[in-house]
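So the structure is just underneath, and the comments pick up after that.
There are 2 protein chains.
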Amino acid sequence: MDKREFKNKAYSELARVTKALGNPRRMEIIDLLAQGSFSVERIAEQTNLSVANASQHLQVLKGAGLVGISKKGNFIFYELAGEKVFEAWRALRELGFAQNPEAGNLVKNFFHSDSQREPVTMEELQQKMNQEDIVVLDVRPGEEYERGHIKEAISIPVKELAGRLKALPKNAEIIAYCRGPLCVYADEAVKLLQEKGYNAKRLKEGFPDWKAMGFPAE
Amino acid sequence: MDKREFKNKAYSELARVTKALGNPRRMEIIDLLAQGSFSVERIAEQTNLSVANASQHLQVLKGAGLVGISKKGNFIFYELAGEKVFEAWRALRELGFAQNPEAGNLVKNFFHSDSQREPVTMEELQQKMNQEDIVVLDVRPGEEYERGHIKEAISIPVKELAGRLKALPKNAEIIAYCRGPLCVYADEAVKLLQEKGYNAKRLKEGFPDWKAMGFPAE
DNA sequence: AATCTATTCAATAAATTTATTGAATAGATT
DNA sequence: AATCTATTCAATAAATTTATTGAATAGATT
């Protein structure tokens, strides 16, 4: 093998893994799997893909060594192959926001963040938790909360929020969070809470980011 | 814009940047540009691409915001759009080596690293520099050395090494380095030096990695 | 003004990726 | 043993990516 053949093969092998990440559907799947393991059917449902199509994308991710499987009864659960996978997704997400302003604008506009709706950063939340009387609210589906959540957060899935408002105090500040910066649950929750007269804001990032940064989790 | 449309657009925008990175030729170009800026012709020559093909790949990288240009006389020089780009390439390289064992084996086998040829890590080199009497040898082309190099390293481009052996001491240990873990210059240099009876090893990573890790550079 | 030179553009064919459809499979459950 | 269920497979058409070729361009230099 000569030098050129070696380089072609080496860069091709490295690109294989990156190529597997470089697809919008697969990025969304990786982002979802950062919450924990999911069956093919749930992955398809959450990402609005057909089951066959989701399965095909999962094969690509598995072939690239980015996800692994575990079997429970009749179901196959897919999960990230390691922390490095989420870290790489996070790095690419941040690179994308940094180099491609359209990505950031899209998020800003969709979340119509006026001065009332500006999100709180992880550092700011950490400070508030130490200094003020706040409520940290996890609005993800209950099973995701149970797999891990921000320390002292309470769980009210966004779908149940309208019916469980009485559990929340009117006088304290409420910080809602969900899966990540592209997840809309927290934004929806804040909208509802503000309409009902609560003092609420959302965390910009999600639980996997919080955990990856080493902030206190349970 | 509904939730699904937003997600499709957001993940697509983020994937655009990753897609631009997820190609073997473009990864090689990014790796090269980590040494500094190069003209299209030099990039084509270094990567064994035709000039038109190299230009096309550079357009893709530029379109994704990963590289920028500066003009000098008749030439256009391409350069990385920021430190984040090299950091992302580094993260993807390490993810590739971690998740795809073939990539690592390829490098190991090509550099036929027997016990005599095991590379030195950056941390080991840093320690050796403090404790022992060693020579750090930069074997990249001279202009790349001049743009920046490991502190106290001397420059002998690998092409000139055979004719300049007398500049090196027979009694001290020599650590050669080059562009990165996929660059063969340092391996070639170590081979030659060992054949001529010198005590030589190569650094596993290259100068951009050394700099990114915050080790002393000039 | 004419020429040169580095780079990009445009057209094309081949290769690869993607989503869809319907069938196949493997492993429970009845 | 038959049935059910979650998932994968195989075939296909459409879309995208890639490398190649030769021409075009823009900005020096003569």
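Chain order of the listed sequences is A and B.
Residues in the first sequence are numbered from 1 upward in steps of one, following the working numbering.
Residues in the second sequence are numbered from 219 upward in steps of one, following the working numbering.
Just so you know, even glycine gets a beta-carbon here, dropped at the ideal spot from N, CA and C.
Being a predicted model, the structure only gives us computed values, none of them experimental.
Cβ separation of residue i and residue j, assumed to be a contact under 8 Å, to the nearest whole Å
i	j	result
Gly142/A	Ala217/A	Not a contact, Cβ separation roughly 17 Å.
Lys7/A	Leu400/B	7 Å
Met245/B	Tyr11/A	5 Å
Gly398/B	Asp427/B	6 Å
Leu313/B	Lys84/A	5 Å
Ala272/B	Gly286/B	With 8 Å as the limit, Ala272/B and Gly286/B do not qualify as a contact, their Cβ atoms being about 16 Å apart.
Glu297/B	Asn100/A	No, Glu297/B and Asn100/A are not in contact; Cβ-Cβ is about 18 Å, not under 8 Å.
Chain-order list of residues whose beta-carbon lies under 7 Å from that of residue i (same chain, five-residue window excluded)
i	result
Ala282/B	Arg234, Val235 and Ala238
Val408/B	Arg335, Ala394, Ala418, Lys419 and Arg420
Leu379/B	Val357, Ala407 and Leu410
Gly322/B	Phe315
Arg243/B	Thr265, Leu267 and His275
Glu259/B	Val269
Asp351/B	Ala390
Glu144/A	Gln35 and Gly36
Val158/A	Val139, Tyr185, Glu188 and Ala189
Gln412/B	Gln334 and Ala418
Reduced DSSP category for residue i - H, G, I as helix; E, B as strand; rest coil
i	result
Asp138/A	strand
Ser255/B	coil
Gly286/B	strand
Glu152/A	coil
Ala88/A	helix
Leu21/A	helix
Lys429/B	helix
Val107/A	helix
Glu79/A	strand
Ala54/A	helix
Ala435/B	strand
Arg420/B	strand
Glu5/A	helix
Glu132/A	coil
Ala380/B	helix
Ala390/B	coil
Val190/A	helix
Val60/A	helix
Own chain partners of residue i with C-beta closer than 6 Å, once the 5 adjacent residues on each side are dropped
i	result
Phe75/A	Ser39
Pro71/A	A quick correction: the sequence has Lys, not Pro, at residue 71/A. Same-chain partners within the cutoff: there are none.
Lys9/A	none
Val396/B	Correcting the residue type first, residue 396/B is Cys in the shown sequence and not Val. The residues are Val357, Arg358, Tyr403, Ala404 and Gly424.
Phe329/B	Asp405
Gly73/A	none
Val107/A	none
Contacting residues, own chain, Cβ-Cβ under 8 Å from residue i (five flanking each side not counted)
i	result
Ser50/A	Ala44
Met122/A	Leu203, Lys204, Glu205, Asp209, Trp210, Met213 and Phe215
Val338/B	Lys346, Ile393, Lys419, Arg420, Leu421 and Lys422
Leu284/B	Val235, Ala238, Leu239, Ile248, Leu298, Ala299 and Val303
Asn327/B	none
Phe77/A	Ser37, Phe38, Ser39, Ile69, Ser70 and Lys71
Under 8 Å: do the stretch 152 to 159 of chain A and the stretch 129 to 140 of chain A share three or more Cβ pairs, one atom per stretch? The answer is yes - the stretch 129 to 140 of chain A touches the stretch 152 to 159 of chain A, with three or more Cβ pairs under 8 Å.
* Name, going along the chain, the residues of the stretch 393 to 418 of chain B whose beta-carbon falls closer than 7 Å to a beta-carbon of chain A. => So the list reads Leu400 and Val402, given in the order they occur along the chain.
Examine the Cβ distances between the stretch 299 to 315 of chain B and the stretch 246 to 265 of chain B and report whether three or more of them are shorter than 8 Å. Counting Cβ pairs under 8 Å, three or more are found: they touch.
**Report entry** Meets three-Cβ-pair contact criterion under 8 Å: the stretch 167 to 179 of chain A and the stretch 191 to 199 of chain A
**Finding:** Between the stretch 167 to 179 of chain A and the stretch 191 to 199 of chain A, the count of C-beta pairs closer than 8 Å reaches three or more; the two stretches touch.
* Give the residues from the stretch 351 to 375 of chain B that approach chain A closer than 7 Å (Cβ to any Cβ), ordered along the chain. => Going along the stretch 351 to 375 of chain B in chain order, one finds no residue with a Cβ nearer than 7 Å to chain A.
Assess contact between the stretch 49 to 61 of chain A and the stretch 116 to 131 of chain A, defined as three or more Cβ pairs (one per stretch) separated by less than 8 Å. Is contact present? Touching, no.
Given a limit of 9 Å on CB to CB distance, which residues of the stretch 7 to 35 of chain A reach chain B? Per Cβ criterion, the list reads Lys7, Asn8, Lys9, Ala10, Tyr11, Ser12, Glu13, Leu14, Ala15, Arg16, Val17, Thr18, Lys19, Ala20, Leu21, Gly22, Asn23, Pro24, Arg25, Arg26, Met27, Glu28 and Asp31.
Exercise for review: Compile a chain-ordered list of the residues in the stretch 292 to 311 of chain B whose CB is closer than 8 Å to at least one CB of chain A.
Suggested key: Of all residues in the stretch 292 to 311 of chain B, Ala299, Gly300, Lys302, Val303, Glu305, Ala306, Ala309, Leu310 and Arg311 have a Cβ within less than 8 Å of some Cβ in chain A.
Notebook entry, point to check: Taking any Cβ of chain B, which residues in the stretch 46 to 69 of chain A have a Cβ under 9 Å from it, in chain order?
Noted result: Within the stretch 46 to 69 of chain A, the residues whose Cβ lies closer than 9 Å to some Cβ of chain B are Thr47, Asn48, Ala64, Gly65 and Leu66, listed in chain order.
Taking beta-carbon pairs under 7 Å, can you tell me which members of the stretch 311 to 327 of chain B lie near chain A? Answer set for the stretch 311 to 327 of chain B: Arg311, Leu313, Gly314, Ala316, Gln317, Asn318, Glu320, Ala321, Leu324 and Val325.
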